[in-house]
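Residue numbers (the numbering used here): 3 to 131.
As structure tokens, the structure follows; a few thoughts come after it.
Structure representation (structure tokens):
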């Protein structure tokens, strides 16, 4: 046993690094223009590609907007496309601040929220909540 979590032992997914690097070279960072990756055979494959794109953007230090519901589009020929936009990190932070009004309770995940106490203690007795 190595003492590491199994997810940490997987090799890093760098499959989409060339896609992100190409988008950067083509000047898509900060423009708000969508970069389109075409030719996915299924919605599941497109979603896996979208996840790889998000991972690659994070690895390369830029923000990427791509949500499954909004940015996976079925093409007329039956294949699927992934649309995403790239922003510098400062632009990504500014976008989130604009969407939430600076209120951390409006974030999808609030890092400042305290965790709820367990409803049951270690011996199985109910705790006052």
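All C-beta atoms, glycine included, are put in the ideal place defined by N, C-alpha and C.
Quick caveat, the model's predicted, so the values are computed rather than measured.
Practice task
For my contact list, residue 141 and residue 39 are in at a C-beta cut-off of 8 Å; report their separation, rounded to the angstrom.
Solution key: The requested residue 141 is not part of the displayed model; the chain covers only 3 to 131.
Exercise for the section: On the DSSP bridge assignment, give the partners of residue 39 in chain order. Expected result: 84
Practice task
In angstroms with no decimal places, state the Cα-to-Cα distance between residue 79 and residue 114.
Solution key: Computed Cα separation, rounded: 46 Å.
Practice task
Could you tell me the boundaries of the alpha helix (DSSP H) in which residue 55 lies?
Solution key: Bounds of the alpha helix (DSSP H) holding residue 55 are 45 to 61.
Practice task
For residue 104, count neighbouring Cβ atoms within 10 angstroms of its own Cβ and tell me buried if that reaches 16, exposed if not.
Solution key: exposed
Practice task
Report the rounded CA-to-CA distance for residue 21 versus residue 5, giving the unit in angstroms.
Solution key: 34 Å
Problem - Residues of its chain near residue 36, where Cβ-Cβ distance is below 6 Å and the 5 sequence neighbours each way are ignored - result: Excluding sequence neighbours, residue 36 sits near 85, 87.
Practice task
Could you tell me which residues DSSP puts in a beta bridge with residue 122?
Solution key: Residue 122 is bridged to 128.
Problem - Alpha-carbon spacing of residue 42 relative to residue 120, whole angstroms - result: 44 Å
Handout entry: Residue span of the beta strand (DSSP E) that contains residue 76, given as start and end
Key = Where residue 76 is concerned, the enclosing beta strand (DSSP E) starts and stops at 74 to 76.
Practice task
Starting from residue 92, trace the alpha helix (DSSP H) both ways and give me its first and last residue.
Solution key: 91 to 102
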